[in-house]
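Participant: The numbering used here numbers the first residue of the sequence shown as 75 and each following residue consecutively.
Please see the structure below; I have some questions.
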Amino acid sequence: MSAYGSTNFTDENGNFTIRVYRGTHNFVGVKAGYGTYVANLTVSGGYYTTHNFTLQPISAAYDNGTISGYVTNNLTGDPLENVTIYLDTKQATTGTLGNYSMTDITYGDHTFYAIKQGFETYVGNLSMPAMGNITFNFTLDPFYGEFRRNGTLKGAVYDAKTGIGLANATIDALIYNTTTNSSGEYEFSLPAQDYLILAHKDGYNDLVRKTTITESNTSTLTFFLSNITGLVQEQELILNLSANIPTLVNFSGNFSLVMYITATENIIDAKIDLRKYTENPATTPIPDFSLVGNYLEISTNINTSTISSVTYVFTYNESLIPAPYNESSVGLYLFVENSSSWDTQTILRDETQNTLSYTTDHFSIYVPGMIRPMIQGIVTDAETNDLLSNVTVSIAGLITSTNATGNYFLEFSAGTHYLIAFKDGYESSVNLSTYNESYNYTTNIALTPIKIDQAPAVVIQQQQSSQRQRPPTTQQPRQMVVEEAKVDYYISPSEIKQKLRLGSFAEKTVSVYNFMQRDMELVLDVAGDVAPYISLSTTTVVVPKLSRGEFVVRLLGNDLGNFDGTLTFSRAFDYEMPITLNVTDQEVEVNALMLRTDVMKKEVRKGKKLRYKVDLRNLLTDQEYDVRLNFTIQDINRTVLAILAPQETRLKTFTTLLGEYDIPKDFETGEYILNVEANYFDFTSSASALFEVTTSPLQYKLFGAIPVWVVLLLIVLGAVGYLAFVIIKKKQEAAKRFHVQVDYDTLPPKGPRNIFVGKVAETTKMTYFDMDKLTVHSIVAGSTGGGKSISAQVVIEECLLKGVAVIIFDPTAQWTGMLRKCVDKHFLSLYPEFGMKPTDARAFPGNIKVIKDYREKIDVFSFAKPGEVWVVTVNRLPAKDYDKFVEATIKQVFRSNLKEKRQLEYLFVFDEIHRILPKFGGSGGGFIQIERCCREFRKWGIGIILVSQVLADFVGQIKANINTEIQMKTRDEEDMERIRMKYGEQYVQGSIKAPVGSGMVQNSAWNNGKPYFVQFRPIMHSVERLTDDELELYAKYNDIVWDLEYGLKQLEEMGQDVFDLKLELKLASDKIKSGNFNMVKIYLEGLTPRIDAFWKKIGKTPKKREIELYTDEGEVKKPEEKPAEPAANSPPGANPPEKKEWDILVLQAEEALKKGDKATAQGCYQKIFELYKNAPADAKNDIYQKANALKAKLG
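So, in structure tokens, the structure goes:
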């Protein structure tokens, strides 16, 4: 096995273990004599992922060939030596030039993969022609660009409870690992890059920590592992926690945490720890949103897998909310270590207590902050207005693509950003805008197609010499490179211009956006006379694919003068950014700062908060500087009564600072002054604001005991609560689409003969149909696009899962999608709403019968199998011929001499059945037969489902024998009038307002005979029909198999032993049902010559299968049959002896064991045992020996 550069082997029992870095990887399994196995696996950090697989034996049918080629580094183009290459059981290693060669490769399709330490595993597919040689060149992707010199990681692993070092603990870093010594210490060499280091020891919880290894340096990382053993019963643990001390401590105070333990483990010395930070922790990136509270880091020695639910309550500071926003814009952010990003969480906000409640099982770092802006919209073609899918959209370093309907969505940081959209064949769209926090933006984008004679605005010149040209400078503040109308990268800003005072400096951040599908490495340098005055934070930048990288340019005002130069980019692309630096000895003017302060409220009561703000405006256009603010509260005589906490800020253009102060309860009432003093450079500015301290009349007490505010609060809360209850109740009722009564006790419950179809509309209650009620037949109606086909397909899927044989008469070929599983992302996203998982998506076993002549006779019961679906496509027939085909087919069913059944065993589906009506071109004959089958099919266990656009067209006996009606969304006047007269106006409104996928269901046995609305679950099979080419393959290979079956039937009638040939032909037929036409072709290529040789051996030729046709009078026109004539060279001799019944059962059991179907093999053994009891004496010995041999195989 191989995964992410790691390899291992199975033991004697087939078991294996591979330790890899968490993430999604290619997994490959290889063994001599077997086909290669490839899977895409997702591995979670700190946990074992179990994956079982099987290997298929390989058999060669052709002479073998040779494959050769070269392997290179995808990043540099250099040849790669010592790459291990696997193809099935073959193995080769590349030479110094990256060359390899493999011989004796069998004909057919192969999985090809290659591994080299430090590179991603390569997996590919190739097809080896018969007796041919091919060349196959490929590249390997490095993990993190080119490897650099190593660094050293060392440290120790301790028991978290005892502090004793743990020996033989495993330390994993990607594909590298080591173990601790007897003292728990470790040390090993690693390539320079970022790592998530995993510490593991049996009996302890795994622990992962993040670190960076730099070239030729040593990093230290210490782990404390906790041990969890024993048994715990379900309990509730409530701890009061406090975040007042900025050190690691046990909780106590008013920070609440509720924990529900449901694990089967005993928690030894459980400890919950909290660390509070006033600035962002060093391990986290600086947030791209405004903060309204402190950072809180919550950690524990409890394994998070044992936690069912933890509720955190965070406090935010209302005064830190920037204008003009309010508390509804406050959210909670969680630091996600895996992606090193801040993610918003779902919270419950209490604006009275200024708290955020959050329930999770995750321990990490959290911080309250302003909700980041969101942007969404639609991308269209500017000329045709068509919706464009797969358009790349980027803003603030984030990248997404439009879906099938042209929609895009991104959550990003506030500020001034470029919104970029591009797609092959279109001019790119770039717009610069300012985006505020807590706003949702809708921006629709129209892309203009690129004409053949129209070159892109900015192009990289791609010559044989691989030289690149600097893009021309434009007035737009951006640099964008387009290669064949596609943006590869984007740099902001486009140039740097800075004016400095002598002896000062300034810093500029440069962002590089990578829109390519590979990582980008850039080498930075400064040229020109500005070079001595420029310092770069790094000279090498690696920008991951579809991501953003940043570095800092520091400009130094060391000498007077004007300096020009360029910042050059090379390696991934060549580009030059202009830099202009002006250094002057001008002194800073005295009027560099405009200062203003004000209080939020002029009156403040004792014991309440005084909230204030300070506005700072920088009057210098080319200089930013630090400002320190000191606050005091003074009385009218300017006596200082209180000193408030100072604040510091770096002023660029304009900023507003908010603050608050708790007015002591012992303050005298009267007027006071808030004074602020600003210190910057060597200057001081001041401003003041007047406010008054008062006392509240609500503090008075009634009867000397009850405060007035308590009485008023109770009255107001009571009135508001009652009013809110009434309003909410009315709004909930008004918002409902469906106003009907549902008696849930009368609906079919979950059971073995009941099928799950969805939920009762606008509820969470799952609903079921009694499948045996379908023998009294059903009709599904609704306007186009209302979901009538989907609702009918849900019923069909559930019946197939219950073992019902389904025959579908499909005039549109839309139902052919049942043979493929659902991959539609929209439908898969709906699965959780109905308790379904993505793994529930599946294709259903079955086949397709393509009807090209309406006179063709089909015996539906010859191919109707339990749990299988046959789609009879009649999309090539006009309406009048569809009518005749339905008529003839139903007549054939009545001639089938069926046995009576009490339960549903067959289900016939007639889609678009309104097409056989006379007004749509039908003759009326098919309609009469539909009416007849609705009366009589029930006794044979056959259910009918009619799918149509309207119900009003079906009258008489059809309506009388329809027991279940499903009415999807409709606007047909006759149907709406029928519903109004029969059930009432509310059902009409419900049918009109019903969303797609919801419909009205009526059955006299359910809900006391009254209709109710059902939201049908998403389907499991593909929403798209098969292509015409795929339908032709079904028709082609079905005809071949049926011809061969007809020939084998003739041989059986002649007494020939064709049992093995019939088994192989059945395998080919099963592959048709799964749509694996490559395997069908392989089976038939080997089987057809053998059957032909059989006929040649007995000296006869088979009769040709001919399609039976109905005459216009409804009779079957049978082809003339001529007896098989012996060939001229027919050898004399008797027919081979006929196989005994027990021999056939033994062969069937052995075939079942090959497929792993032990239950079927056991059944065959029981039948052989029964034959032994009643067999003649001369046959018992033969049966006994074969039964014993089969029993030994069964174990």
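Even for Gly, the Cβ is constructed at its ideal location relative to N, Cα and C.
1. How is the beta strand (DSSP E) around Trp1014 delimited, first residue to last?
2. Can you check whether the C-beta of Val467 is within less than 7 Å of a C-beta belonging to chain D?
3. Any idea what DSSP makes of Trp783, helix, strand or coil?
4. Since I believe Val584 is in contact with Val627 (beta carbons under 8 Å), could you give me their beta-carbon distance rounded to a whole number of angstroms?
5. For His813, name the three-state secondary structure that DSSP assigns.
6. Taking the CB atoms as reference points, tell me whether Cys1008 and Ile1032 lie closer together than 7 Å.
7. I'd like to check one pair, Leu365 with Leu732: are the Cβ atoms closer than 7 Å?
8. So, at 8 Å on beta carbons, what are the nonlocal neighbours of Lys824 in its own chain, with the 5 sequence-adjacent residues on each side left out?
9. Quick one: Cα of Leu331 to Cα of Lys284, how far?
10. Give me the Cα-Cα distance between Thr1044 and Ile1066, rounded to the nearest whole angstrom.
11. Whose CA, out of Asp736, Ile707, Asp709, Tyr699, lies closest to the CA of Ile727?
12. Are the CB atoms of Leu227 and Ser293 within a distance shorter than 7 Å?
13. Assign Ser540 to one of two classes, buried (16 or more other C-beta atoms within 10 Å of its C-beta) or exposed (fewer than that).
14. Confirm, please, whether the CB-CB distance from Ile990 to Gly1000 is below 7 Å.
15. Cβ of Phe388 versus every heavy atom of the ligand FAD: is any distance shorter than 6 Å?
16. Please report the residue range of the alpha helix (DSSP H) in which Glu624 lies.
17. Distance check for Leu506 and Val29, CA to CA, integer angstroms please.
18. State whether the region 864–883 contacts the region 927–943, with contact taken as three or more CB pairs (one from each stretch) at a distance under 8 Å.
19. Specify the secondary structure class of Phe90 as computed by DSSP and reduced to three states.
20. Quick test of your reading: Asn147 and Leu214, contact by CB under 8 Å. State the CB separation rounded to the nearest angstrom.
21. Whole angstroms is fine: what's the gap from Ala1253's alpha carbon to Asn1262's?
22. Taking 7 Å as the cut-off, decide whether the C-beta atoms of Arg446 and Glu411 are in contact.
23. State the DSSP-derived secondary structure class of Asn1248, mapped to helix, strand or coil.
24. Rounded to whole angstroms, how far is the Cβ of Tyr187 from the Cβ of Tyr196, which I believe are closer than 8 Å?
25. Go ahead and label Asn588 buried or exposed: buried means 16 or more other beta carbons lie within 10 angstroms of its beta carbon, across all protein chains shown.
26. Only counting the same chain, and skipping five residues up and downstream in sequence, which positions put a Cβ closer than 7 Å to that of Gly1071?
27. What does the Cβ neighbour count give for Lys1174, buried or exposed, with the cut at 16 atoms within 10 Å?
28. Report the three-state DSSP secondary structure of Glu734 (helix, strand or coil).
29. Indicate the three-state DSSP secondary structure (helix, strand or coil) for Gln130 in the structure shown.
30. Please name the residue or residues paired with Leu506 in a DSSP beta bridge.
31. Determine the contact status of Leu748 and Ile707, defining contact as a CB-CB distance below 7 Å.
32. Let me make sure I understand the geometry here. Which of His1095, Ile524, Asp1102 has the alpha-carbon closest to that of Lys899?
33. Thr1038 and Asn1077 - do their beta-carbons sit closer together than 7 Å?
34. Report yes if the CB atom of Thr640 is closer than 7 Å to the CB atom of Glu624, and no otherwise.
35. Are Lys680 and Thr769 touching if we call contact CB-CB under 7 Å?
36. What number of angstroms, rounded off, separates the C-alpha of Phe647 from the C-alpha of Leu596?
Facilitator: In terms of the structure at hand:
1. 1014–1022
2. This model lacks chain D altogether, as it is built from one protein chain only.
3. helix
4. 6 Å
5. coil
6. yes
7. no
8. Phe830, Met840, Tyr842
9. For Leu331, the predicted model reports a pLDDT of 49, less than 50, meaning its position is unreliable and no value from the coordinates is stated.
10. 6 Å
11. In the sequence on display, residue 727 carries Thr and not Ile. Out of Asp736, Ile707, Asp709, Tyr699, Tyr699 has the C-alpha closest to the C-alpha of Thr727.
12. yes
13. Annotation note: pLDDT 31 at Ser540 (below 50); position unreliable, coordinate value reported separately. Looking at its Cβ environment, which holds fewer than 16 other Cβ atoms inside 10 Å, Ser540 is exposed.
14. Ile990 sits close to Gly1000, with the two beta carbons spaced by under 7 Å.
15. As presented, the structure is devoid of all ligands, the ligand FAD included, so that no description of it is given.
16. Premise fails: Glu624 lies in the beta strand (DSSP E), 621–630, not in any alpha helix (DSSP H).
17. Coverage of the chain is limited to positions 75 through 1269, which leaves residue 29 absent and any answer about it impossible.
18. Taking one beta carbon from each stretch, the region 864–883 and the region 927–943 have 3 or more pairs nearer than 8 Å; the two touch.
19. Residue state, collapsed to three classes: coil.
20. 7 Å
21. 15 Å
22. no
23. helix
24. 6 Å
25. buried
26. Counting only Cβ-Cβ distances below 7 Å, and skipping sequence neighbours, we find Gly861, Ile864, Gln1089, Phe1090.
27. Residue environment for Lys1174: buried (at least 16 other C-beta atoms within 10 angstroms of its C-beta).
28. strand
29. coil
30. Tyr492
31. yes
32. Comparing Cα positions, the closest option is His1095.
33. Thr1038 is positioned such that its CB atom lies closer than 7 Å to that of Asn1077.
34. no
35. Yes, Cβ-Cβ distance for Lys680 and Thr769 is below 7 Å.
36. About 8 Å.
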